[in-house]
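Under the working numbering, the first residue of the sequence shown is numbered 1, with each subsequent residue one higher.
Beta carbons: idealized from backbone N, C-alpha and C, even for Gly.
Bear in mind that the values here come from a model prediction, so they are computed numbers and not experimental data.
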Amino acid sequence: MTNVAKIAAPITQASAISDVSIPAVFYANTPVVTSGMLSVFYGTDVANIKKNYSRNSSRFIEGKHYFLIQGDELKDFKNSVTESHQVDKRTPKLTLWTERGAARHAKMLETDQAWEVFEQLEDCYFSAKEEVAEQQKKPKQRKSSSDERTPLRQYVEKMIANKSGMKYPAIWKLVHDRFDVQHINQLSSSESLEAVEFLKSIEGEFLGKQEALPKLDTPQFNDTELMRFVNLFLWMQRARDLSYKIYPSLRDMESRLAGDFWDLSRDTTYVISMCYQALARETAHIKPGSVPGFRIEEMMRRLHS
């Protein structure tokens, strides 16, 4: 899985539609169907499903009526449903229809079979959302030994020693998000090694290539202005942290803002790290009580926490 565009990993289970056991597909904790599955259920063909969507695209909202996946996310999804042959390996992108999307298609087809099957989908297929959501809440079991995770811990220590600008919580959060775990002891042996390579790519792309910022002979800002920057930085950190906490709820509500909060919570890590380095250097001389109107000691503690 990747952390760049990931909403949730797909899950499959069986549901009975028209007395036939159908492999159900879940995405973002939501039961979904492919265009191919809809065509079989509704007694039509994929071309007709696509044509109806094309003619009525303004009536479909991404995240509400369908999900569109592509790139690495699609690659992971294809691998997860290979056994049921529901996805063409050659397709560059895939539309997954939600319950509301399936209802729209049934309405556009206007056939008795479409509505009869949709009612079965409502009762036996789309109603399984809560059950799967509960299954996903269960924490992953321990998959690797302490020795197998040692290289990962050692590399994190190396990143800290190299003064990469990132701190332990931020580094571990990246690993947790990348592999969808709550603790590194839930990583498999192979995932532990992948995590090391993942951190190497981050350090090489963003941190390892950075040179130390030069110390200016003539200060560009006075102490009051610097403390205002510190205050802005602390609010920026808070916005990033709140976005990280809010994103799962927006995703579950299928909000169109979910993607923006995902980006804000993850893509700002590098910028915040670089801002911290500059502020820590430029404010090192400021003493508590030296700048009226600011609780310097408290702000500095938060800056360096």
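Report the residue from the options whose alpha carbon sits nearest the alpha carbon of residue i.
i: Glu62; options: Met227, Ala170, Gly101 and Leu232; result: Gly101
i: Gln310; options: Ser145, Phe41 and Lys107; result: No statement about residue 310 is possible, as the shown extent of the chain runs from 1 to 305 and does not include it.
i: Ala114; options: Asp45, Ile69 and Arg228; result: Asp45
i: Gly293; options: Leu226, Glu73 and Cys275; result: Leu226
i: Glu191; options: Glu297, Arg104, Leu152 and Arg90; result: Leu152
i: Trp262; options: Tyr270, Tyr247, Ala278 and His65; result: Tyr247
i: Thr95; options: Lys287, Glu148 and Phe67; result: Phe67
i: Thr224; options: Ile296, Ile272 and Gln154; result: Ile296
i: Lys93; options: Thr111, Lys75, Lys78 and Gln70; result: Gln70
i: Phe233; options: Tyr276, His285, Ser201 and Ser39; result: Tyr276
i: Ser39; options: Leu199, His285, Val117 and Cys124; result: Val117
i: Tyr27; options: Ser201, Gly36, Lys78 and Ala103; result: Lys78
i: Glu122; options: Arg55, Asp260, Pro31 and Ile202; result: Pro31
i: Lys75; options: Lys89, Lys64 and Glu298; result: Lys89
i: Thr91; options: Gly36, Gln154 and Met299; result: Gly36
i: Gln237; options: Gly259, Glu197, Met274 and Ser201; result: Met274
Where do the N-terminal and C-terminal ends of the beta strand (DSSP E) with residue i fall, by residue?
i: Leu94; result: Lys93 to Trp97
Beta-carbon of residue i versus every beta-carbon of chain B: anything under 8 angstroms?
i: Leu257; result: Among the chains in the structure shown there is no chain B, since it carries only a single protein chain.
Can you give the Cα-Cα distance for residue i and residue j, rounded to whole angstroms?
i: Val181; j: Leu109; result: 42 angstroms
i: Ala16; j: Glu254; result: Any reading at Ala16 is ruled out, since the residue's pLDDT is 44, under 50, leaving its predicted position unreliable.
i: Ala195; j: Gln186; result: 12 angstroms
i: Val156; j: Ile184; result: 12 angstroms
i: Arg301; j: Leu264; result: 24 angstroms
i: Glu73; j: Arg251; result: 16 angstroms
i: Val25; j: Arg256; result: 22 angstroms
i: Thr283; j: Lys158; result: 26 angstroms
i: Phe60; j: Val230; result: 44 angstroms
i: Ser189; j: Ala280; result: 38 angstroms
i: Thr111; j: Trp235; result: 55 angstroms
i: Ala308; j: Trp172; result: Since the first residue of the chain shown is 1 and the last is 305, residue 308 is not available in this structure.
i: Ala278; j: Ile272; result: 10 angstroms
i: Cys124; j: Ser58; result: 29 angstroms
i: Lys167; j: Lys287; result: 24 angstroms
i: Phe221; j: Arg228; result: 10 angstroms
i: Leu199; j: Ser145; result: 20 angstroms
i: Asn56; j: Gly43; result: 20 angstroms
i: Phe179; j: Leu193; result: 12 angstroms
i: Leu207; j: Lys64; result: Note that Leu207 scores 49 on pLDDT, short of 50, meaning its location in the model is unreliable and no value can be drawn from it.
i: Leu303; j: His285; result: 14 angstroms
So residue i and residue j are in contact, right, with Cβ under 8 angstroms, and what is the actual spacing, rounded?
i: Leu266; j: Asp177; result: Residue identity differs from the one stated: residue 266 is Arg in this sequence, not Leu. That pair is a contact at about 7 angstroms.
i: Ala170; j: Thr269; result: 6 angstroms
i: His105; j: Asn52; result: 6 angstroms
i: Phe126; j: Glu148; result: Going by Cβ atoms, the distance from Phe126 to Glu148 rounds to 40 angstroms, so no, they are not a contact pair.
i: Val33; j: Trp97; result: 5 angstroms
Which residues does DSSP list as the beta-bridge partners of residue i?
i: Glu62; result: Tyr66
i: Pro31; result: Phe26
At what residues does the alpha helix (DSSP H) containing residue i begin and finish?
i: Leu250; result: Asp223 to Asp252
i: Asn48; result: Val46 to Arg55
i: Ala258; result: Ala258 to Arg266
i: Thr269; result: Thr269 to Glu282
i: Arg90; result: From DSSP, Arg90 is part of no alpha helix (DSSP H); its letter is neither H nor E.
i: Ser145; result: No alpha helix (DSSP H) contains Ser145, which DSSP labels as neither H nor E.
i: Ser201; result: Ser189 to Ile202
i: Gln186; result: Careful: Gln186 lies outside any alpha helix (DSSP H) and carries neither H nor E.
i: Pro288; result: Looking at the DSSP string, Pro288 is not in any alpha helix (DSSP H), and its letter there is neither H nor E.
i: Gln113; result: Asp112 to Gln120
i: Phe179; result: Tyr168 to Phe179
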